[in-house]
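Input: a single structure, listed below in structure tokens.
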Amino acid sequence: MRSAVRGLKLVGAVAAGAVTALVGLLFVLVAAPFADRPAVRAAAARLARLELWRLRLDLPSRNEEGELRYLAARTPVGVLGGIVVLLLVIGLSAAVMLVWSWGRGEAFDGMLPTAPLLAYMFLSGSVLLFLNVCGLVGVEALERRLAVRLLAPDPTEALRRRIDELTVSRAGVVAAVDAERRRIERDLHDGVQQRLVALSMLAGRARRGRPELLEQLHEQAQQALVELREVAWRVYPSGLDTHGLAEALAGVAERSSVAVKVTCELPERPAAAVEAAAYFVASEAVTNAAKHSRATLVTIDVRRQATMVVVRVEDDGVGGADATGGGLTGLAQRVAALDGRFALTSPPGGPTVVEAELPCG
């Protein structure tokens, strides 16, 4: 059944390619004298995108200079595909008429069914069908190669872009690490350090004959431990290595001031770097929601999709999150350093959705 469905899709794709090839040829003939105009380039890009969608190709970037050349070059291939589909239709029609006539006991083209004739028809029909299917597969493969050859970026250009991306990513990671260090320093200086100074002063007063301050001293010590633990978890959650991502995210939910629902469905543990990035994306998103969005519920969903670990955090707050904020920028750079994708949607009124895709295989 699946093979039949795939076959029908292949026939449909090749037949559609024959039609779009003629449309593309007509467009090239009309638009060629005006190839430098933006409107013509935009129309050529739309036609090229249509062909990429038909061929189920997702090129990382398109060679805009080659779109008109591609539309012209694929015309013979598209016409060839149309001829192959036409031959298939003619052959199947003849086979149906043959079966229909012989099934009713009538002669087909003056021929009545005999054993040698049935064997000959079956064998020749099978061979022709096989050749036709090979033609369909070959046309599609040729179209895909042609699209990659003319629309994909030049290998040297692709390498240069990749080097630029890695350079920017490395600089972003360095900046994000420096920003996080400064943030931790502020937390230690303004939070834990001040708490410990107050604790020291209370201890000194208690030693000078103020035993009633011991309870306050104990409370301050407990609060200092809580703040120190928070800073330590922001540096790196110790439970992540031991218990895995699900338990670490459960800890985020427990420490959050808003309700957090966690779903973590991973068939196996990803690499440590991917696991850490997924944790920090979720943790930072929850922190931002608690501080800025006036949310009452945050949902964390982590799951495996093909070769990617997808982390999706959504809150029911007021929206309007700024993608250029320090925390979110750092997250985007952390994800980019792993060749992942980071996206933020936060329209006014909400909801805010943070999503990261991290490669894991």
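Everything in the sequence shown is counted per my numbering, starting at 21 for the first residue and increasing by one.
We put the beta carbon where it would ideally sit given N, CA and C, even for glycine.
The structure presented is a predicted model; accordingly, all values stated were derived computationally and were not measured.
Hey, how far is the Cα of residue i from the Cα of residue j?
| i | j | result |
| --- | --- | --- |
| ARG164 | VAL157 | 11 Å |
| ALA305 | ALA279 | 13 Å |
| GLU334 | PRO287 | 23 Å |
| VAL60 | VAL147 | 45 Å |
| GLY123 | ALA55 | 58 Å |
| ALA302 | ASP342 | 17 Å |
| GLU126 | GLY145 | 20 Å |
| LEU170 | ALA63 | 17 Å |
| ALA65 | GLU295 | 39 Å |
| LYS281 | LEU179 | 42 Å |
| PRO175 | ASN308 | 41 Å |
| PRO367 | GLY350 | 21 Å |
| HIS263 | GLY271 | 11 Å |
| LEU151 | GLY340 | 59 Å |
| SER113 | PHE47 | 33 Å |
| PRO133 | TYR140 | 11 Å |
| PHE142 | VAL168 | 39 Å |
| GLU267 | THR316 | 22 Å |
| ALA149 | PHE128 | Per the sequence shown, the amino acid found at residue 149 is Leu instead of Ala. Near 20 Å, if we compare the C-alpha coordinates of PHE128 and LEU149. |
| GLY369 | ARG361 | 25 Å |
| SER23 | PRO58 | 43 Å |
| TYR90 | GLU71 | 10 Å |
| GLN325 | THR365 | 20 Å |
| THR327 | ARG289 | 13 Å |
| VAL25 | LEU77 | 19 Å |
Considering Cα atoms alone, identify which of the options is closest to residue i.
| i | options | result |
| --- | --- | --- |
| LEU348 | ALA363, ASP336 and ASP359 | ALA363 |
| LEU49 | GLY155, ALA93, TRP122 and VAL31 | ALA93 |
| ALA172 | PHE150, ALA273, ALA68 and VAL109 | ALA68 |
| ARG275 | ASP261, GLY264, VAL318 and PRO175 | VAL318 |
| LEU45 | PRO96, ARG324, ALA268 and PRO58 | PRO96 |
| LEU75 | ALA38, THR372, ASP184 and VAL373 | ALA38 |
| LEU138 | SER23, CYS154, VAL119 and GLY271 | VAL119 |
| PHE300 | ASP129, LEU149 and LEU260 | LEU260 |
| ALA36 | LEU143, TRP73 and PRO53 | TRP73 |
| LEU88 | SER121, GLY271, SER313 and VAL43 | VAL43 |
| ILE183 | PHE128, ASP359 and PHE47 | ASP359 |
| THR283 | PHE47, MET141, ALA297 and LEU265 | LEU265 |
| LEU79 | ARG314, PHE142, ALA356 and LEU166 | LEU166 |
| VAL355 | LEU143, ALA293, MET131 and GLY102 | ALA293 |
| GLU383 | GLY101, LEU132, MET131 and PRO133 | The requested residue 383 does not occur in the structure, where the chain is confined to residues 21 to 381. |
| GLY27 | SER121, LEU162, LEU108 and THR327 | LEU108 |
| VAL374 | LEU77, ASP336 and ARG332 | ARG332 |
| SER313 | VAL153, ASP336 and VAL25 | ASP336 |
| ILE320 | MET328, ALA298 and LYS311 | ALA298 |
| GLY155 | LEU91, VAL31 and LEU70 | VAL31 |
| LYS311 | LEU162, SER277 and LYS29 | SER277 |
| LYS29 | THR365, THR327, VAL153 and ALA326 | VAL153 |
Return the first residue and the last residue of the alpha helix (DSSP H) that residue i is part of.
| i | result |
| --- | --- |
| LEU108 | 87–123 |
| MET131 | Premise fails: MET131 is in no alpha helix (DSSP H) and is neither H nor E. |
| LYS29 | 22–51 |
| THR307 | 292–308 |
| ARG61 | 58–74 |
| ARG275 | 265–275 |
Since I believe residue j is in contact with residue i (beta carbons under 8 Å), could you give me their beta-carbon distance rounded to a whole number of angstroms?
| i | j | result |
| --- | --- | --- |
| VAL104 | VAL34 | 7 Å |
| CYS380 | ALA291 | 7 Å |
| GLU377 | VAL330 | 5 Å |
Let me know if residue i comes out buried or exposed under the rule of 16 or more other beta-carbons within 10 Å of its beta-carbon.
| i | result |
| --- | --- |
| LEU269 | buried |
| THR40 | buried |
| GLN353 | buried |
| THR372 | buried |
| GLU285 | exposed |
| ALA135 | exposed |
| ALA52 | exposed |
| ILE110 | exposed |
| ALA86 | This sequence places Gly at residue 86; Ala is not what is there. Buried: at least 16 other Cβ atoms inside 10 Å. |
| VAL116 | exposed |
| VAL322 | buried |
| LEU106 | exposed |
With respect to the beta strand (DSSP E) encompassing residue i, which residues constitute its N-terminal and C-terminal limits?
| i | result |
| --- | --- |
| THR365 | 361–365 |
| PRO379 | 372–379 |
| VAL282 | 279–285 |
| ASP335 | 328–335 |
| ASP78 | Here ASP78 belongs to no beta strand (DSSP E), and DSSP marks it neither H nor E. |
| LEU317 | 317–325 |
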